[in-house]
Amino acid sequence: MTQVIGITGGIASGKSTVTAYLRSRGYPVIDADQVVHQLQQKGGRLYQVLVEEFGTDILDSEGELNREQLGRLVFEQGAVRKRLSQLQDRIIREALLAERDRLAEHADVLFMDIPLLFELGYEEVVSEVWLLVLTPELQLERLMERNQLAEEEARQRMAAQMPLEEKKKRTPYQIDNGGGRLATYAQVDQLLQRIERR
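This is the structure:
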């Protein structure tokens with residue numbers, strides 16, 4: 003039976019660093035953000051739902067989804083975030099599980115990178131969860147730099163997610179991503195050795 007490992011962590015915690023490393027080691031990785039982007043492309047299943055709900059203000063001049071505008075709406079207004087979540091969750095879950103099942107036909111181990119894994123109840127569809135952790139100060143710094151955000155906007159985005167301390171209670175498998183890449187890779191290697199022995 004295929005082992006399905008969920009990868010999660012707060013925004014800007016370094017999930018893409020870990021998943022790139024896992025891919026380089028030959029493991030299949032499902033990237034939930036990438037799946038969502040495909041579904042949100044013009045003609046995608048989510049595109050029409052979003053336009054019907056939020057109007058054409060969320061589109062750019064080419065008629066494509068303006069993710070920056072949608073992101074601003076979502077992170078600034080809790081009610082919008084909740085409504086968007088209700089609209090998207092079923093469609094996204096179906097797409098992610100279909101991809102998981104497709105890859106599981108040919109893989110002994112596969113990974114699912116799901117930023118809101120705990121918040122959306124995905125722990126029930128994976129064998130175990132690996133959580134990326136780092137200090138809130140470093141997370142804030144990385145988020146501001148990566149997304150070119152002012153401090154207040156970055157703090158709002160961090161606050162929109164489940165607190166790290168709550169996530170830590172839900173899995174014993176934690177990767178401290180506060181050091182350099184090699185230190186992170188070493189922790190991933192230790193976790194891989196454990197699952198490869200099964």
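Per the working numbering, residue 3 is the first one in the sequence shown, and the count goes up by one each step. Cβ coordinates follow ideal geometry from the N, Cα and C atoms, glycine included. Quick caveat, the model's predicted, so the values are computed rather than measured.
Item: Between 61, 68, 91 and 56, which lies nearest to residue 79 when the distance is taken from Cα to Cα?; Value: 56
Item: Taking the continuous alpha helix (DSSP H) assigned at residue 1, which residues delimit it?; Value: No answer is possible for residue 1: it lies beyond the span of the chain, which begins at 3 and ends at 200.
Item: Which residue marks the beginning of the alpha helix (DSSP H) containing residue 41, and which one marks its end?; Value: 34-42
Item: What does a CB cutoff of less than 8 Å around residue 93 pick up in its chain, not counting 5 residues either side in sequence?; Value: 41, 47, 48 and 51
Item: Roughly how far, in whole angstroms, is the beta-carbon of residue 142 from the beta-carbon of residue 156, given that I think they are within contact range, below 8 Å?; Value: 6 Å
Item: When the Cα atoms are used, what is the spatial distance from residue 82 to residue 196?; Value: 41 Å
Item: Can you look up residue 118 in the DSSP assignment and give me helix, strand or coil?; Value: coil
Item: Tell me which same chain residues have a C-beta within less than 7 Å of the C-beta of residue 109, skipping the five on either side of it?; Value: 4 and 30
Item: Tell me which residues share the same chain as residue 20 and place their Cβ nearer than 7 Å to its Cβ, disregarding the 5 neighbours each side in the sequence.; Value: 9, 134, 177, 186 and 190
Item: Please work out which residues of its chain come closer than 8 Å, Cβ to Cβ, to residue 91, disregarding the five sequence neighbours upstream and downstream, and give them in chain order.; Value: 122
Item: Skipping 5 residues on each side, what residues in its chain have a beta carbon closer than 6 Å to that of residue 86?; Value: 76
Item: Using the rule of at least 16 other Cβ atoms within 10 Å of the residue's Cβ for burial, across every protein chain shown, is residue 33 buried or exposed?; Value: buried
Item: Got a sec? Which residues, its chain only, sit under 6 Å from residue 16 by beta carbon, not counting five neighbours each side?; Value: 134 and 179
Item: Got a sec, what are the start and stop residues for the alpha helix (DSSP H) residue 23 sits in?; Value: 17-26
Item: Please classify residue 137: does DSSP put it in a helix, a strand, or coil?; Value: coil
Item: Apply the 10 Å Cβ neighbour rule to residue 174 and answer buried if 16 or more other Cβ atoms are within range, or exposed otherwise.; Value: exposed
Item: So, are the CB atoms of residue 84 and residue 66 less than 8 Å apart?; Value: no
Item: Out of curiosity, what's the CA-to-CA distance linking residue 88 and residue 14?; Value: 24 Å
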